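Residues 63 to 457, numbered by the numbering used here, are exactly what the sequence shown covers, in order. Even glycine gets a Cβ: it sits at the ideal position worked out from N, Cα and C. Note that the coordinates shown come from a computational prediction; the quantities given were computed from them, not determined experimentally. Reading through the structure tokens given below for one structure.
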Amino acid sequence: HYFSVTGSLPLIRVIEGQTAIIQIPAADWDRTDDIRCRWADSSGPAGDECGDICNNLPGANLSSSECTITWNAVRRSVDALLTTSTYVVAIMVEDFVNSASNTPMSSVPLQMLIYTYQPASGACNDTPAVIGDRPNRACIGVLPGVQHVERIVAAVYCTGDYITEFITISPLYMKKTAIARVSGTTNQWYITLTWTPTTDQRGPQVFCAAPIDQKELTGSQHCVNFVVGYLPPNLITPRLVQGFHLFSFLNNLTRSPLFLGSASPLGTVFANHSLFSIQATGDVYRPSRNGTYIQIFNKANPSCAEWEVDCGYSSDCIYSGQTVLFYVRNANWAYGANYYILFSSGAASGNIFCNPESDPITDTSFWNFNIWDPGVSSTTTTTTTPPTTGTVTTR
């Protein structure tokens, strides 16, 4: 059995009078364990867990299952003559053998400072926010001795504003660059993280960041879990080679072997083509969180996905061995159109610790297919990758 892993920025800044939502990263090596968060208690299972900081955040609600604090930020009464307040908050992160159990197998304490402030004159109504390819509380697999690079991007939402700082907490030896503006944008800034983990860092490592603009308006903390020693099942770049096609998949889902290549389809297909598959570098599992999308775009209209699915919950995503399959219901693609497919971070997941997520695919040339136009040609060519065999099971 392993203890749960958690973390937080050393100081969390929230605006007085507004509702603050503070998401706490929490994960466990035993992926089947049920993780819950609760306020520390002066009469906890092992005795006093919080001393004089118990119940120190008035009116706050802590979601046990989501490990998220929701709080209408107010000043402490003793700070009535000031413009700021600082609270010390104590949380316990616990893991249980299953959702029905009331006896924790382990408890991990977490303390954080929450600082309330009033925005400066002329500050934007919207706080800056971390955006980009890695969602909050993502799980990223990395190898010791291999350099890993991530970019943390933040956006501001009022003209003329800009990011001046990222508050961060990071693993030992991780380096971050100076802040730079994202090329081609007027409201996005980023830092680049460079890290070569050492062998003694094997296991979970937490990184958190919060952006601050020129008026000291601060965004919510954004955290990711790095898992040193494990790689995610990344999607393999499709190759255009002759092979077997998967038209009959749905009719044979439960009673015959499935023949798979690195991706299908590639090249030109019919307008009602509905089944897609792609292989990964390792065994794939359904994502452990929602917001993990597969999207299909028409190249003629790239501003809006023509089709998308959230694989966190949809039965239209199937995970079998090293293959991800997804089904487009009532497919009716435009004759002669060219399409490309994109994937969110974590569209496929591993099964270690917090389920390391497949890398996001944002390159519009990664996986393309075309639709046969009967008004132009009387023939069609459908191409896929060389076949391998496997049996489909749902997870």
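Per DSSP, what are the beta-bridge partners of I298 in this structure?
Looking at the DSSP assignment, I298 forms no beta bridge with any residue, so it has no partner.
Return the CA-CA distance between K277 and A182, expressed in angstroms with no decimal places.
6 Å
Residues of its chain near I414, where Cβ-Cβ distance is below 6 Å and the 5 sequence neighbours each way are ignored
Y292
In this structure, does DSSP put S318 in helix, strand or coil?
Only weak support is given to the placement of S318: the predicted model assigns it a pLDDT of 32, under 50, and the question is left unresolved by the model.
Which residues does DSSP pair with T254 in a beta bridge?
R213
Range covered by the beta strand (DSSP E) that runs through N432
N430 to I433
Just checking, does the segment 375-383 make contact with the segment 424-437 on the three C-beta pairs under 8 Å criterion?
no
Identify, in the order they occur along the chain, each residue of the same chain with its Cβ nearer than 6 Å to the Cβ of T258, setting aside the five sequence neighbours on each side.
Q209
Looking at C-beta atoms only, is the number of pairs between the segment 130-150 and the segment 184-196 that lie closer than 8 Å three or more?
no
Within 10 angstroms of its Cβ, does Y235 collect 16 or more other Cβ (buried), or is it exposed?
exposed
Please report the residue range of the beta strand (DSSP E) in which R100 lies.
D96 to W101
Helix, strand or coil: how does DSSP classify V151 here?
strand
Anyone know if the C-beta pair for I74 and Y179 falls short of 8 Å?
no
Evaluate P387 with the Cβ neighbour count: other Cβ atoms within 10 Å of its Cβ, from every protein chain shown; 16 or more gives buried, anything less gives exposed.
The residue you asked about is not Pro; residue 387 is Leu in the sequence shown. L387 comes out buried.
With C-beta atoms as the reference, is T280 less than 8 Å away from T343?
no
What are the partner residues of K277, as DSSP defines its beta bridges?
In DSSP, K277 forms no bridge with anything.
In the DSSP assignment, the beta strand (DSSP E) including M174 goes from what residue to what residue?
S168 to Y179
Just list the residues that DSSP pairs I229 with in beta bridges.
A272
Can you give the Cα-Cα distance for M174 and L205, rounded to whole angstroms?
30 Å
With which residues is S339 paired in a DSSP beta bridge?
S326 and L387
Per-residue DSSP class, three states only, for V92
Strictly speaking, residue 92 in this sequence is Asp, with Val absent from that position. Three-state result, D92: coil.
According to DSSP, is F309 part of a helix, a strand, or is it coil?
Low confidence applies to F309: its pLDDT is 40, below 50, so where it sits in the model is not reliable enough to give any reading.
Same chain only: Cβ atoms within 7 Å of T424, ignoring 5 sequence neighbours per side:
D195 and L404
Is the number of C-beta pairs between the segment 263-278 and the segment 220-233 that are closer than 8 Å three or more?
yes
Rounded Cβ spacing between E368 and I356 (contact assumed at less than 8 Å):
No, E368 and I356 are not in contact; Cβ-Cβ is about 12 Å, not under 8 Å.
Can you name the start and end residues of the beta strand (DSSP E) that L404 belongs to?
N400 to F405
E111 to S168 span [Cα, whole Å]:
14 Å
Beta-carbon spacing of P327, A409 below 8 Å:
no
For a minimum of 3 consecutive residues, which ranges assigned as the beta strand (DSSP E) are wholly contained in the segment 123-150?
123-125 and 130-134
Which residue marks the beginning of the beta strand (DSSP E) containing G203, and which one marks its end?
A200 to V204
Report the rounded CA-to-CA distance for L315 versus E128, giving the unit in angstroms.
Because the pLDDT at L315 is just 40, under 50, the model does not fix this residue reliably, and the point stays unresolved.
Should R213 go down as buried or exposed, given a rule of 16 or more other Cβ atoms within 10 Å for buried?
exposed
For P72 and N160, the rounded distance between their alpha carbons
31 Å
Identify whether G437 lies in helix, strand or coil by the three-state DSSP scheme.
coil
CA-CA distance, I84 and G109?
27 Å
Mapping the DSSP letters down to three states, classify I77 as helix, strand or coil.
strand
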